[in-house]
Every structure is written in structure tokens, then in C-alpha cells.
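Undergrad: Pasting a structure here, questions to come.
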Amino acid sequence: MSASAGDKSKPVDHAGAAAAFVADTPHLAFHDRRLWELRQKRDGQMHVLPEWQALRSLASAIKEHTLSRLADYLEQFEAQVTARGVTVHWARDAEEHNAIVLRIMRDHKAKTIAKSKSMLTEECEMVPYLARHGITTTETDLGERIQQLDGEAPSHIVVPSVHKLREDVARVFARTIGGDPNNADPHALAEHARVTTRPLMLDADIGMTGANFLVAETGAVVVCTNEGNADLSANLPKVHIVSAGIEKLVPRQADLGVFVRLLSRSALGSPITQYTSHFRGPRVGAEMHIILVDNGRSQRLGEDDFWTSLKCIRCGACMNTCPVYRRSGGLSYGAVYSGPIGAIINPSYDPVRYSTLPFASTLNGSCTNVCPVKINIHDQLYKWRRVIAERGLLPKNKSLSLRIAGHVLASPRLYRLATGAARLAVRYLPRALLYSKLNSWGRDREVPAAPQESFAAWAARNRPAKKP
Amino acid sequence: MTVALAIPCFIDAFFPEVGIATLELLERLGVDVVYPQGQTCCGQPMANNGCQSAAAGVEAHFVDLFGDFDAVVMPSGSCVHHLREHLDAVPQTDRVRHLRAHTYELVEYLHDVLKVSDFPWAEFPHKVGLHNSCGTLRSLRTASMSELGETPFSKPMDLLRGVRGIAFVTPARPDECCGFGGTFSVAEDAVSGRMGLDKVRDHEQAGAEYIVSADTSCLMHQQGCAKRAGVPLRFIHIAQILNGARA
Ligand code: SF4
Numbered sequence: 001m002s003a004s005a006g007d008k009s010k011p012v013d014h015a016g017a018a019a020a021f022v023a024d025t026p027h028l029a030f031h032d033r034r035l036w037e038l039r040q041k042r043d044g045q046m047h048v049l050p051e052w053q054a055l056r057s058l059a060s061a062i063k064e065h066t067l068s069r070l071a072d073y074l075e076q077f078e079a080q081v082t083a084r085g086v087t088v089h090w091a092r093d094a095e096e097h098n099a100i101v102l103r104i105m106r107d108h109k110a111k112t113i114a115k116s117k118s119m120l121t122e123e124c125e126m127v128p129y130l131a132r133h134g135i136t137t138t139e140t141d142l143g144e145r146i147q148q149l150d151g152e153a154p155s156h157i158v159v160p161s162v163h164k165l166r167e168d169v170a171r172v173f174a175r176t177i178g179g180d181p182n183n184a185d186p187h188a189l190a191e192h193a194r195v196t197t198r199p200l201m202l203d204a205d206i207g208m209t210g211a212n213f214l215v216a217e218t219g220a221v222v223v224c225t226n227e228g229n230a231d232l233s234a235n236l237p238k239v240h241i242v243s244a245g246i247e248k249l250v251p252r253q254a255d256l257g258v259f260v261r262l263l264s265r266s267a268l269g270s271p272i273t274q275y276t277s278h279f280r281g282p283r284v285g286a287e288m289h290i291i292l293v294d295n296g297r298s299q300r301l302g303e304d305d306f307w308t309s310l311k312c313i314r315c316g317a318c319m320n321t322c323p324v325y326r327r328s329g330g331l332s333y334g335a336v337y338s339g340p341i342g343a344i345i346n347p348s349y350d351p352v353r354y355s356t357l358p359f360a361s362t363l364n365g366s367c368t369n370v371c372p373v374k375i376n377i378h379d380q381l382y383k384w385r386r387v388i389a390e391r392g393l394l395p396k397n398k399s400l401s402l403r404i405a406g407h408v409l410a411s412p413r414l415y416r417l418a419t420g421a422a423r424l425a426v427r428y429l430p431r432a433l434l435y436s437k438l439n440s441w442g443r444d445r446e447v448p449a450a451p452q453e454s455f456a457a458w459a460a461r462n463r464p465a466k467k468p
Numbered sequence: 001m002t003v004a005l006a007i008p009c010f011i012d013a014f015f016p017e018v019g020i021a022t023l024e025l026l027e028r029l030g031v032d033v034v035y036p037q038g039q040t041c042c043g044q045p046m047a048n049n050g051c052q053s054a055a056a057g058v059e060a061h062f063v064d065l066f067g068d069f070d071a072v073v074m075p076s077g078s079c080v081h082h083l084r085e086h087l088d089a090v091p092q093t094d095r096v097r098h099l100r101a102h103t104y105e106l107v108e109y110l111h112d113v114l115k116v117s118d119f120p121w122a123e124f125p126h127k128v129g130l131h132n133s134c135g136t137l138r139s140l141r142t143a144s145m146s147e148l149g150e151t152p153f154s155k156p157m158d159l160l161r162g163v164r165g166i167a168f169v170t171p172a173r174p175d176e177c178c179g180f181g182g183t184f185s186v187a188e189d190a191v192s193g194r195m196g197l198d199k200v201r202d203h204e205q206a207g208a209e210y211i212v213s214a215d216t217s218c219l220m221h222q223q224g225c226a227k228r229a230g231v232p233l234r235f236i237h238i239a240q241i242l243n244g245a246r247a
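Structural data, given as C-alpha cells:
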């Protein structure tokens, strides 16, 4: 995945990257505040809809139903769009997806793509692949464009550059597309991006979009954006390619309302996105292609504990509410999908590399309760931990200390010795030793004072034993 | 009916006053309560890291000690959450199922089983901020959570309202996790420490003198963060206030 910098055979060092993020106070404070604001706006939208919980239940049920009959709905969808002249391609994995795009490009002797936001193309690492074949892709979503210019992966699935301050954006622009590095006025920056990106959109040979929903009944591709860039990407060039994961299906047009009502409210706390575009076929004289991508999804569908993660509509609410994500930044997850949803879907792509992510959580459960399609995210985090431990993928020192702890805590005698020693250590060790590098608790906080005796010792003196 | 008091390892070793307050409070309320000696831990630290094999012996020991009581009460939401939802490193015998169904967190036990609302011996003339641990909030459901937009309720608050002189403050993000998270606190110490700091500052800005909670583990973490950053807050377990602690 394009986000994964560094050695891909090693587990992502989330804790290390997060520590660096925490150390940078201005960025940390802004990131936390901005995303918390989105969470609060989402709450505001929830409060004005008395049917909010009913909508969540309905959305979850529709998705579960669809996933349970996915093959049928995919065929129905294919038949609908094919009848209207759309070319449907099936891609088993990222490589097939990228090869299909390249083939379409070559068929049209095309060199440039204007692309609106699509996490799937990130997942497939399409842009660098096409670049190796001489094809230039321009991101048309503002946040994505900023990230592209900076050579960084998106840090959030809805607001890709949320970890940047506007001053950072001004510097990125000055370095890449010109402009005043000291003018961080958001309107000026947005205008500058628009003026420099628009010609690239106008000239692009091919337009690409993702899809938020695919409607089986009508064969509609539904794309929700706030900038209208998907419509330009889709409608200006002569060829429109849609990349969509096979889990994006909903059965009927009528079901769409449930999701459209939930999506933007959950994501940004706005009632609806500015644009909800339905693409049902090629324009006169133009071509439309839809690439339906599996890339691990059908395998996940067969996993009892994890298949419901395919219900995800990529709203980002779980990220906005996640206290760990807000304080570690999306890039610390070293993956295309970050935050709570990333931590439960990345390990199925690469259990070794992403073995650390299910542990980047306090299991507080806020994510599960904001999720508009009711994915039991924190339960899945817990279950992934078991899978990772069972496969022997815990860090060696961690699994050793857990085994020792398990041994000590199974024996009242060893337990008494160990806790007695801990109390003595806290009481008598010099501060320098107690707060040494070995004690990561003590890096950020004080250890509790040690009482003279344990509760058990107090109870033995004050409450003689009784049997049940 | 005999109720067994289970005291989590960190309370036993570092916060015996919380155990004492819980025991005395239950006795005051007329509960036939015993403290079985030989307690260690419920297995949560191992299980939360996915290590079922390391948790098995600890859980088996817990079941040995507590499996025959009518009910078990614990002054710790996260341990009760583990016992109720995740005590499955051991075979699911009738005894284990009974234990899982009859283990109560202290606030639940007082509020739902004993149905106490008045603590005439208790007086706490201070401004307090209530911290609901994530286990009590989103798993045991002893209070409403902001994520769901449900009609507000709070069992710990119901109990604390029966204490004379107490005043409450409301932090800006009352439901935000404080960042303890068991071994998360050492594995992800930077994020954990920052979450703890944000939590105590939020309560401080709301005007709290004390943070009160049904979870000592959260308090231990928050206290450590506050002390390191010089945030002048004090920390107290809900059992201590309900048992009549004045400060
Ligand atoms: S898991 Fe749920 S909350 Fe998170 S992005 Fe997906 S739909 Fe949204």
C-alpha cells in the first residue's frame, strides 16, 4: 500500500509514529480539535433525527442482507449497466485492477487521468503503477491534491489532509505549484489549487471516480462529494472509469435513501453532501467502464468474526471519534485505511505488517457506537488480538511477559511475592532508577505511592475467613 | 445469600483503601459479604492482549475461588466487563456460566440489586467531576453514552446524589476515554499519557477538585498524569465517597 513507508516486512511502529505526533503540540492540538468538532457536528445531526438509531439498524440490516447474497446482486448490477452500454470488468486483486486501467488507457492512447477521491485506487497503489507506465494522474479533490503534491498518503478517508495546518499547505503549494509560502489564507489556497488543477482536469484524457454505492436494481453508480470534482472528472473526458469494491452494492434505489441520510451526517455532520451524483451509463459519444474489485473482500466475507467489516461505508466517523486516532494521526497507521476501521481491515491484507494496529486502541468502544452501519469495531479489535497472538505475531518481549504474568497471577503465592516486591520497589527505589527508560509508564506519569500493606493483608487481620 | 468481594490486583497492591471502603460499605448496607483470601487477578491483562493460553490459569484460579458464591461484587468496571463478556479461556462449565452471570460491578450492585439511593452517613463537600470508565459506560451501561443520543441516565450519579454537600461539574468531553487501556498505557505510552493529560485538564477547567470514578485503574493513570503535569486535582473511588470519606 502506498502509505506504508519503510520496511514492509516489519510490523508498523504505530506507537513510535504516534509518539512523534504527540510531541508536535500545535499539530496534535489542531488535529484533535478539528476531528472532535466533526464528531460534535455528527452528534448534532443525530439529535435532530429521532429515527437515527432505526436508520443505523436498517442500514446494517440492508448491508448484511446484501453481503449474504452478494453474487446475485453483483450479477444483477452487471446486467443493468451492461444493457446501457457500460463495460464491466472484474478484478480479482490490485494487480488485475491496475492492469485493466492500463489497458483502457492504452486502447485510447491516453496519457492523463483526472481522478476524484477513491480509497480503492489507493489500496491498489494505482497511481504509482500508472506513473511507471508514463501515465500522469491528477487528484481533483482538494485534500487529496494537497497530499499528492506533498508526496504523502491521505491520513483520513474523508478529509485526507486533516493532519496539516493551513501554513503547511501554503508551504507545500509554494514548493510544488508556486505561490506565497506565507499566505495561509484558506480561500486563497483553495483558489490557487483550483486555478492550477482545473486545466489538468480540462485536458485529461480519462476521468476516474470511485463509488460510494452501486445500486443493483437500477445499475446506478452513486458518488457523493462536496467539491463537485467527481462530476468534472466523470463528465469532462471522453472516457469515465469507475473503480469500486464489490461490497459497495445496495439492492434497491429505495435503500439508497437510508445510506445517503447517514453518510454525510456521520462523516462531517452535514445533512447531505453538496453533490450526490448518479451515473447510469456513458454519455452520448463517450465510454464508461466499471471495474469491480475483490482484492481480499470475498475472503473476508468467509471469516465469521470479521465479515461484517465489509458493511463499512467509509464515512470516517469511527476515526473522528477515536481518541487514539485523534492523537496519533492517520499516517501513524502506516496503511491506506487508518483509525479503528483500518485497524480491523488492514490485518487481513497483511497480518504481520499490521499486527500492531489492533493494539493501537484502548478498546473504549466509541467507534462501534458511532458507526452508521453498526460494525462491532471494538469487538473485532479484541478478536484480532487473539488471532495475532495465536499466530505467534506478538512482539517477543510482550508474549514472554504475558506468559510470565499468567504464571504469576495463577499462583497466590507468586502473586504475593511479586506485588510485595513492586510495593517495595516503589517505596525504596531511587527516582532515577524507578523512572528509568525501562519504565514506560513513568515517561508520562508518576507511579502510585506504595501503601504499607496490601488489602489482602488488611483483610486477613480485620476479617477472619468465612466459607460460603 | 453470601456475596464474595473480589478485589482487583492493582487495588489490592496499591489502593487498599478502595477495597476497605467497598467492604465496609457493603457491610453497612447489611450485605453478608466475605473476602476469600488467595485472590490474584481476573485474567484481563492477558486476555486483552489476545493471550488466551496465558489467561487460562488465571481465570481458572478465579473460578476456583469464586465459582460457588451466590454473587460476586467488584469495585472495578473493567474487570467485571472481562468476567462477564470474555471469561472464555476456561471451559464453559455451569459453574463458569453462573459466575459470569452473577458478577456485579459495585455501582450496579448498589443501584440495581440493593436499590440504595441514600447514604445518610456520607458527606462530601467538594466539587467533583465523574469519570465513567469505558467498560462501565459502553459495556456495563451504567450510564448513557453521548454516541447514541439516548435519554440521559447515570447510575453512579444517582448514587452520588444521595451524598450530602456534593457538587458536580461537567467537563467538555465527559465520555472521552482517559487513555489507560491496560497494557495500552505502557505499549502506547505517549498517546496514553496525552489522553490522560487532556482528561485531567478537562476536569480541571470545569472546576473540579476531585475526579471520582468506579474504576481505580483509570484513576491511577489519571493521577499519575496529573501529578507529572502539576494539575492540582485529587482522585477518589466512588466507594470511598459513598462509605463516608470526607476528603
Ligand atoms: S467502520 Fe463505520 S464509522 Fe468507520 S468508516 Fe466504516 S462506516 Fe464509518
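Heads up: the sequence lines are chains A and B, in that order. In case it helps, the UniProt record's numbering puts the first sequence at residues 1 to 468. In case it helps, the UniProt record's numbering puts the second sequence at residues 1 to 247. Where is the CB? At the ideal position from N, CA and C, for every residue including glycine.
Given a limit of 7 angstroms on CB to CB distance, which residues of the stretch 441-459 of chain A reach chain B?
TA: Per Cβ criterion, the list reads W441, R443, D444, R445, E446, V447, P448, A450, P451, E453, S454, F455, A456, W458, A459.
Undergrad: Flag F30 (chain A) as yes if its beta-carbon sits less than 9 angstroms from any beta-carbon of chain D, otherwise no.
TA: Protein chains in the displayed structure are A and B, and chain D is not among them.
Undergrad: To the nearest angstrom, how far is it from the Cα of K396 (chain A) to the Cα of L424 (chain A)?
TA: Those two C-alpha atoms are separated by around 28 angstroms.
Undergrad: Quick one: grab the DSSP three-state call for V58 (chain B).
TA: The answer is helix: DSSP assigns V58 (chain B) an H, G or I state.
Undergrad: Examine chain B for any beta-carbon lying closer than 9 angstroms to the beta-carbon of S366 (chain A), and answer yes or no.
TA: For S366 (chain A), the answer is yes, since a Cβ of chain B falls inside 9 angstroms of its Cβ.
Undergrad: Under the DSSP definition of a beta bridge, which residues are partnered with Q123 (chain B)?
TA: Before going further, note that residue 123 (chain B) is Glu rather than Gln in the sequence given. DSSP lists B:R164 as partners of E123 (chain B).
Undergrad: If I follow the unbroken beta strand (DSSP E) through I241 (chain A), where does it start and stop?
TA: First-last of the beta strand (DSSP E) with I241 (chain A): 239-245.
Undergrad: For S264 (chain A), decide whether its Cβ has a neighbour in chain B, counting only Cβ atoms nearer than 9 angstroms.
TA: Answer no: the Cβ-Cβ gap between S264 (chain A) and chain B never drops below 9 angstroms.
Undergrad: Specify the secondary structure class of V22 (chain A) as computed by DSSP and reduced to three states.
TA: DSSP places V22 (chain A) in helix when its eight states are reduced to three.
Undergrad: Any C-beta of chain B sitting closer than 9 angstroms to the C-beta of R385 (chain A)?
TA: Yes, its Cβ sits closer than 9 angstroms to a Cβ of chain B.
Undergrad: Report the option in A:P464, A:N462, A:A456 whose CA atom is closest to the CA atom of T40 (chain B).
TA: It is A:A456 whose Cα lies nearest to the Cα of T40 (chain B).
Undergrad: Starting from the Cα of W121 (chain B), find the closest Cα among B:A239, B:M1, B:T2 and give me that residue.
TA: Checked all of B:A239, B:M1, B:T2; the closest Cα to W121 (chain B) is B:A239.
Undergrad: If distances are taken between C-alpha atoms only, which option among B:F10, B:V80, B:I241, B:F14 comes closest to T142 (chain B)?
TA: Checked all of B:F10, B:V80, B:I241, B:F14; the closest Cα to T142 (chain B) is B:V80.
Undergrad: For R171 (chain A) and P181 (chain A), which I take to be in contact (beta-carbon distance under 8 angstroms), what is that distance rounded to the nearest angstrom?
TA: Rounded, the Cβ-Cβ distance is 5 angstroms, consistent with contact.
Undergrad: If we count the other Cβ atoms within 10 Å of its Cβ and call it buried at 16 or more, is T66 (chain A) buried or exposed?
TA: Buried, by the Cβ-count rule.
Undergrad: Between the stretch 426-435 of chain A and the stretch 168-188 of chain B, do at least 3 Cβ pairs fall closer than 8 angstroms?
TA: Taking 8 angstroms as the limit for Cβ pairs, the verdict is that the stretch 168-188 of chain B does not touch the stretch 426-435 of chain A.
Undergrad: Going by alpha carbons, who is nearest to A60 (chain B) out of B:A187, B:H131, B:Q92?
TA: Cα-wise, what sits closest to A60 (chain B) is B:Q92.
Undergrad: Out of B:L23, B:A6, B:F10, state which residue places its alpha-carbon closest to the alpha-carbon of R463 (chain A).
TA: With distances taken between Cα atoms, R463 (chain A) lies closest to B:L23.
Undergrad: Contact defined as beta carbons within less than 8 angstroms: I believe P451 (chain A) pairs with P16 (chain B). What is the distance between those atoms, to the nearest angstrom?
TA: With 8 angstroms as the limit, P451 (chain A) and P16 (chain B) qualify as a contact, their Cβ atoms being about 5 angstroms apart.
Undergrad: Closer than 8 angstroms to a non-hydrogen atom of ligand 1 - does that hold for the CB of A60 (chain B)?
TA: Result no, Cβ not under 8 angstroms from ligand 1.
Undergrad: Starting from the N-terminal side, write out each stretch of the beta strand (DSSP E) that is 3 residues or longer and does not extend beyond the stretch 120-164 of chain A.
TA: Entirely contained in the stretch 120-164 of chain A, the beta strand (DSSP E) runs reaching 3 residues are, in chain order, 136-139.
Undergrad: Counting only C-beta atoms, is S177 (chain B) closer than 9 angstroms to chain A at any point?
TA: Ser is not the amino acid found at residue 177 (chain B); the sequence shown has Cys there. Cβ-Cβ to chain A under 9 angstroms: yes for C177 (chain B).
Undergrad: In three-state terms, what does DSSP make of A206 (chain B)?
TA: Here A206 (chain B) sits in coil by DSSP.
Undergrad: Check whether the Cβ atoms of V113 (chain B) and F69 (chain B) sit closer than 9 angstroms, and answer yes or no.
TA: For V113 (chain B) and F69 (chain B), no; Cβs fall outside 9 angstroms.
Undergrad: Hey, how far is the Cα of P468 (chain A) from the Cα of S213 (chain B)?
TA: Interpretation of P468 (chain A) is limited by its pLDDT of 48, a score under 50 that renders its predicted location unreliable; the figure taken from the coordinates is listed afterwards. Near 30 angstroms, if we compare the C-alpha coordinates of S213 (chain B) and P468 (chain A).
Undergrad: Please tell me whether A56 (chain B) has its Cβ less than 9 angstroms away from any Cβ of chain A.
TA: For A56 (chain B), the answer is yes, since a Cβ of chain A falls inside 9 angstroms of its Cβ.
Undergrad: At a cut-off of 8 angstroms, is C371 (chain A) close to ligand 1 when judged by its beta-carbon and the heavy atoms of the ligand?
TA: Within the cutoff, so yes.
Undergrad: Can you pull the chain A neighbours of C134 (chain B), defined as C-beta to C-beta under 8 angstroms?
TA: Within 8 angstroms Cβ-Cβ: T362, L363, N364, G365, S366.
Undergrad: What do you get for residue 313 (chain B), buried or exposed, if any count of 16 or more other CB atoms within 10 angstroms of its CB means buried?
TA: One cannot answer for residue 313 (chain B) here, as it falls past the ends of chain B, which runs 1 to 247.
Undergrad: For a test of your reading of the model: does the CB of S338 (chain A) fall under 8 angstroms from any non-hydrogen atom of ligand 1? Yes or no.
TA: No, Cβ of S338 (chain A) sits at least 8 angstroms from all heavy atoms of ligand 1.
Undergrad: Take L165 (chain A) as the anchor and find which of A:I146, A:V158, A:A422 has the nearest alpha-carbon.
TA: Minimum Cα distance to L165 (chain A) is reached at A:I146.
Undergrad: Please classify N235 (chain A) as buried or exposed, where buried requires at least 16 other C-beta atoms within 10 Å of its C-beta.
TA: Looking at its Cβ environment, which holds fewer than 16 other Cβ atoms inside 10 Å, N235 (chain A) is exposed.
Undergrad: In angstroms, rounded to a whole number, what distance separates the CA positions of M1 (chain A) and L87 (chain B)?
TA: Per-residue confidence for M1 (chain A) stands at a pLDDT of 38, beneath the threshold of 50, marking its modelled position as unreliable; no derived number is given.
Undergrad: Got a sec, what are the start and stop residues for the beta strand (DSSP E) Y275 (chain A) sits in?
TA: Looking at the DSSP string, the run of the beta strand (DSSP E) that includes Y275 (chain A) is 275-279.
Undergrad: Heavy atom of ligand 1 less than 8 angstroms from the Cβ of A317 (chain A), yes or no?
TA: Yes.
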